[in-house]
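**Q** For the record, the sequence lines run as chains A and B. Going by this note's numbering, the first sequence opens with residue 161, and the numbers climb by one from there. Going by this note's numbering, the second sequence opens with residue 6, and the numbers climb by one from there. Here it is, the structure, as structure tokens.
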Amino acid sequence: MSSRIPRRTPRRTLARGAAAVLTALTLAATATACGDDGTSSGGEGDGTGTITFWDNNGGPRTDIWNEIIEAFEAENPDIDVEYVGVPISEVQSKYDAAIQGGEGLPDVGGLSTAYLSNLVAQGALDPVTDRLAESGLEETLMPNMLESIRTTVGEGDEVYQVPTSANQGVLWYRTDLFDAAGLRPPATWDAFFAAADELTDRGANRFGFTLRGGEGSIAQALDMMYAQSGIDSFWDGDTTTVNDPANVEALRNYVDLYNTVTPEADLNNDFTNMVATFTGGEVGMLQHNLGSYADHVAAFGEDGVAGLPMPTSEEGGPHTFVSNPVDGLGLFRSSDNKEAAWRFIEFAVSHEMNSRWNESAGQIPSNLQALEDPWIAEAPPTRAAVEALSDENTTIVDLPYHLPDWNNISKADTEPNFQRLLLGEMSAQEFADDLAERLDEAQAEWQEQRR
Amino acid sequence: MTTLALPRRAPRPGRSHDQPPRWQIYLPLGLYLLFTLIPFYWMLLFAFREPGSDSLVPWPITGQHFEKVWTERSFDTYFVNSLYVGIASMLMTMLVALTGGYALARFRFKLRMPFMLALLTSQFIPGALMLVPLFEIFRELRMLNSLWSVIIAETVFQLPLSMILISGFIRNVPVSLEEQAWVDGCSRLRAFLAIVLPLLRPGLIAVGSFAFVHSWNHFLFALMFLNAQDKQTIPVGLNTLIGSDSVDLGALAAGGVVAAVPVVIVFAFIQKWLITGFSAGAVKG
Chain A
161 MSSRIPRRTP RRTLARGAAA VLTALTLAAT ATACGDDGTS SGGEGDGTGT ITFWDNNGGP
221 RTDIWNEIIE AFEAENPDID VEYVGVPISE VQSKYDAAIQ GGEGLPDVGG LSTAYLSNLV
281 AQGALDPVTD RLAESGLEET LMPNMLESIR TTVGEGDEVY QVPTSANQGV LWYRTDLFDA
341 AGLRPPATWD AFFAAADELT DRGANRFGFT LRGGEGSIAQ ALDMMYAQSG IDSFWDGDTT
401 TVNDPANVEA LRNYVDLYNT VTPEADLNND FTNMVATFTG GEVGMLQHNL GSYADHVAAF
461 GEDGVAGLPM PTSEEGGPHT FVSNPVDGLG LFRSSDNKEA AWRFIEFAVS HEMNSRWNES
521 AGQIPSNLQA LEDPWIAEAP PTRAAVEALS DENTTIVDLP YHLPDWNNIS KADTEPNFQR
581 LLLGEMSAQE FADDLAERLD EAQAEWQEQR R
Chain B
6 MTTLALPRRA PRPGRSHDQP PRWQIYLPLG LYLLFTLIPF YWMLLFAFRE PGSDSLVPWP
66 ITGQHFEKVW TERSFDTYFV NSLYVGIASM LMTMLVALTG GYALARFRFK LRMPFMLALL
126 TSQFIPGALM LVPLFEIFRE LRMLNSLWSV IIAETVFQLP LSMILISGFI RNVPVSLEEQ
186 AWVDGCSRLR AFLAIVLPLL RPGLIAVGSF AFVHSWNHFL FALMFLNAQD KQTIPVGLNT
246 LIGSDSVDLG ALAAGGVVAA VPVVIVFAFI QKWLITGFSA GAVKG
């Protein structure tokens, strides 16, 4: 279809339009070219004014952070804290976008060692080593959490995150089902596998265990592998121990549970589905961290569920755990008000506030005094986790959070393989070898970058 | 002997001989409907069921999850923000797509086809890829943390497809109608407003509704460009209901209902126009 144009567009108008477009493009190019990368050094400020705080688990932790902020503002009337809750699943992307975009980073941000090294590598965080020492805060915090933070970054004694809490893998089990079947608590691997078999009745839709076959499956699999094998380090020199024969055997034991004592639908379980399978059906056991305690109590009552640290080879034997990410607070380099920001961090990890926060979150406090508070004694799974962690015979296997590629390797690269493994399309040896190859390569690259 | 041809029995109204029995239509449709409605039922069940209940029927009914997300989780604020973003993006998309689509449909100019091709290929660029450049542009324009950054980004990403669709609708309106108006003394703008625009109603409704729904549901730009808590939108709010270690399924389902209601209402009102709009736009280019 053709159209007759009543008035021809004059050439001058066209030229003007082209000039406008050209100007706009030039302006846009200029705008993008002159941005910094969000790592400007900021300043100390005068310790008053407004600071911005990003909560890295916005939503579930909003209420408790608002309580802490209210208490902080009452004690420091010259400082206002602007709270921003960021969804946990997207917090790393939001930090990355703000760093690359050159603006918008907070003064204080909630962090996890799972992505700490990535932020440090981008120069977004201020080291807090001197502030910790000068304020005396270092003496009040759990040494192994600080050590985990140091190890994650791998810059000697430099600390880039003030720990607030840690989590721990727990084997949750239904006490009512165990009592009815006359089973003993799954404190050893033999008891665990026997109970998983005993509690399964597929025809009646009852299962002994539910596992995580979808998002987040690798961390759980590693926890199950190292806890069974007892191998005490993730690395043997610069080679990973993931495909050690003992770990491969442990992986085989774990994977064999799928679709024999677990529901078939576990193949796609993320933690939400896995917890929902446990709380919504007749499932005997679940391996998840302390964070889901409240969900279990809501579903079964305090007497209907119990939690133990990961099983051991023999009754009362030593535990082996893989490290869970340590949560904490970071001081951002671009902050113009670091003095006020640091005061907020100090306040948040003080005895009372840290205890209150962890009681609400159901996690292990970083403040040593908070570990002695009554609520820990009254929460048996948390108490058991603290005791197991404090036991000198316990081995913690540090997962390679220091590798910038760790998140990619343990998620996008390997999770599909884990599903193939569950479906029998891949052997445990092939899976472990593939994972080991990726890890060794990433470790070599990391070592190369450090040189 | 003459034989009389018996008149053939007229087919029963509403059903031809070629049509399959009704159950062959309604059974698959019913199964499909069941398949699509179960997730909605699941959402309503968890949203209205009391916490801790494992009943398959939301009875006794409770509004406590809605109260929680609406007041404690600030969904009242997120709802207003989403509405603002959705309506503004919709209006801007419709306005620009209308003018751009008219130019594409009615004018022949150099590089018209490459421009159309560029519009099409721009659809293959994911929003995430443009995140940092957009972030930097909005930073320089001092528009970060403003709802307008999201509105502009949403509009820009929806324009190519909207413009192509609108140009298709305009091409289906005979140019002779406009020409008659010009002969009667109308300017091009007047002729467009008086003659073409009313005929584009189905197309505009289709494009506008998609622009609204897309902006309403889109998560990425709101998450990245907005920092203040009181500027967030519904999709970001929904994501904050999923914690690292636990999920309040009742609150999440109630949040899902709050997010779904405007979309359902929009589609309920415009479905007639939507179908007309797409079939009209699909005739020919």
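Using N, Cα and C, we set each Cβ at its ideal position, and we do this for glycine too. Being a predicted model, the structure only gives us computed values, none of them experimental.
Mind pulling the chain B residues with CB within less than 7 Å of LYS498/A?
**A** Result: empty, since nearest Cβ-Cβ is about 19 Å, beyond 7 Å.
**Q** Going by beta carbon distance, what residues of the same chain come within less than 7 Å of ALA604/A, once the five residues before and after it are set aside?
**A** These residues qualify, in order along the chain: ASP398.
**Q** What are the residues that DSSP puts in a beta bridge with GLN447/A?
**A** DSSP lists LEU331/A as partners of GLN447/A.
**Q** Going by the DSSP bridge assignment, what does ALA326/A pair with across the sheet?
**A** BP columns for ALA326/A point to VAL486/A and ILE524/A.
**Q** Name the one or two DSSP bridge partners that ILE66/B has.
**A** Answer is ARG54/B.
**Q** Less than 7 Å between C-beta atoms, sequence neighbours within five positions excluded: which residues of the same chain meet that for ILE536/A?
**A** Same-chain partners within the cutoff: THR542, ARG543 and VAL546.
**Q** Do you know how far the Cα of ARG117/B is from the Cα of SER167/B?
**A** Using only the alpha carbons, I get a separation of about 16 Å.
**Q** So, at 6 Å on beta carbons, what are the nonlocal neighbours of TRP606/A in its own chain, with the 5 sequence-adjacent residues on each side left out?
**A** LEU563, listed in sequence order.
**Q** Report buried or exposed for GLY57/B, applying the criterion of at least 16 other Cβ atoms within 10 angstroms of its Cβ.
**A** Exposed: under 16 other Cβ atoms inside 10 Å.
**Q** CA-CA distance, GLY476/A and SER377/A?
**A** Between GLY476/A and SER377/A, the C-alpha separation is close to 28 Å.
**Q** On the three-pair Cβ rule with 8 Å, is the segment 435-447 of chain A touching the segment 505-514 of chain A?
**A** As far as the Cβ criterion goes, the segment 435-447 of chain A does not touch the segment 505-514 of chain A, which means the pair count is below three.
**Q** Can you list, in chain order, the residues of its chain with a C-beta nearer than 7 Å to that of ILE275/B? Leave out the 5 residues immediately preceding and following it.
**A** Answer for ILE275/B: ILE210 and SER214, listed in chain order.
**Q** Just the Cα atoms here: how many angstroms apart are GLN234/B and TYR243/A?
**A** Roughly 7 Å separates the two Cα atoms.
**Q** Just how far apart, CA to CA, sit GLU462/A and VAL62/B?
**A** Approximately 26 Å between the Cα atoms of the pair.
**Q** By DSSP, does PHE84/B sit in helix, in strand, or in coil?
**A** Helix.
**Q** Based on DSSP bridge pairs, tell me the residues matched to ASP215/A.
**A** Answer by DSSP bridge pairing, in chain order: GLY245/A.
**Q** Below 8 Å on the Cβ atoms is my guess for ALA348/A versus VAL421/A; work out the distance and round it to an integer in Å.
**A** One point to set straight first is that residue 348/A is Thr, not Ala, in the sequence displayed. At roughly 17 Å, the Cβ-Cβ gap does not stay under 8 Å, so THR348/A and VAL421/A are not in contact.
**Q** Is DSSP giving SER94/B helix, strand or coil here?
**A** Helix at SER94/B.
**Q** So what does DSSP say about LEU109/B, is it helix, strand or coil?
**A** In the structure shown, LEU109/B sits in a helix (DSSP, three-state: H, G or I).
**Q** Anything in the segment 443-470 of chain A with a Cβ closer than 9 Å to a Cβ of chain B? List those residues in chain order, please.
**A** Going along the segment 443-470 of chain A in chain order, one finds HIS448, ASN449, LEU450, GLY451, SER452, TYR453, ALA454, ASP455, ALA458 and ALA459 with a Cβ nearer than 9 Å to chain B.
**Q** Closest Cβ-Cβ distance between LEU116/B and chain A: below 8 Å?
**A** Taking Cβ atoms only, chain A never reaches closer than 8 Å to LEU116/B, which makes this a no.
**Q** In the DSSP assignment, the alpha helix (DSSP H) including PRO469/A goes from what residue to what residue?
**A** Run containing PRO469/A: none in the alpha helix (DSSP H); it sits in the beta strand (DSSP E), 465-469.
**Q** Locate the alpha helix (DSSP H) running through THR273/A, then write down its first and last residues.
**A** From DSSP, the alpha helix (DSSP H) with THR273/A extends over 273-281.
**Q** Using the three-state DSSP reduction, which class does ASP426/A fall into: helix, strand or coil?
**A** ASP426/A: helix per DSSP, three-state reduction.
**Q** With 8 Å set as the bound, which would you pick, yes or no: does the beta-carbon of GLU72/B sit closer than that to a beta-carbon of chain A?
**A** Cβ-Cβ to chain A under 8 Å: no for GLU72/B.
**Q** How should PHE162/B be labelled, buried or exposed, when 16 other C-beta atoms within 10 angstroms of its C-beta is the threshold for buried?
**A** The residue in question, PHE162/B, is buried, as its Cβ has 16 or more Cβ neighbours within 10 Å.
**Q** Do the segment 286-306 of chain A and the segment 478-498 of chain A touch if we need at least three Cβ pairs shorter than 8 Å?
**A** Result yes; three or more Cβ-Cβ pairs closer than 8 Å.
**Q** Report the neighbours of SER249/A on chain B: residues whose CB is nearer than 7 Å to its CB, in chain order.
**A** Those within 7 Å of SER249/A in chain B are ASN244 and ILE247.
**Q** Which residues in chain A sit within 8 Å of VAL137/B, going by Cβ to Cβ distance?
**A** Near VAL137/B (Cβ distances below 8 Å), the residues of chain A are ALA257, GLN260 and GLY261.
**Q** With a threshold of 8 Å on Cβ separation, who are the neighbours of SER127/B within its own chain once the five nearest residues in sequence on each side are excluded?
**A** PRO165.
**Q** Can you tell me the Cα-Cα spacing of TYR275/A and PHE272/B, whole angstroms?
**A** Answer to the nearest angstrom: the Cα atoms are 42 Å apart.
**Q** Out of PHE591/A, GLY522/A, GLU552/A and HIS448/A, which has the shortest C-alpha to C-alpha gap to GLU538/A?
**A** Ranking PHE591/A, GLY522/A, GLU552/A and HIS448/A by Cα distance to GLU538/A puts GLY522/A first.
**Q** Just checking: is the beta-carbon of GLN234/B within a distance shorter than 8 Å of some beta-carbon in chain A?
**A** Yes, GLN234/B lies at the interface with chain A (some Cβ there is under 8 Å from its Cβ).
**Q** Helix, strand or coil for GLU145/B per DSSP?
**A** Helix.
**Q** Take the Cβ of THR210/A as the centre, count every other Cβ of all protein chains shown within 10 Å, and call the residue buried at 16 or more, exposed below.
**A** Flag for THR210/A reads exposed.
**Q** Does LYS571/A come within less than 8 Å of chain B when only Cβ atoms are used?
**A** Output row for LYS571/A: interface = no.
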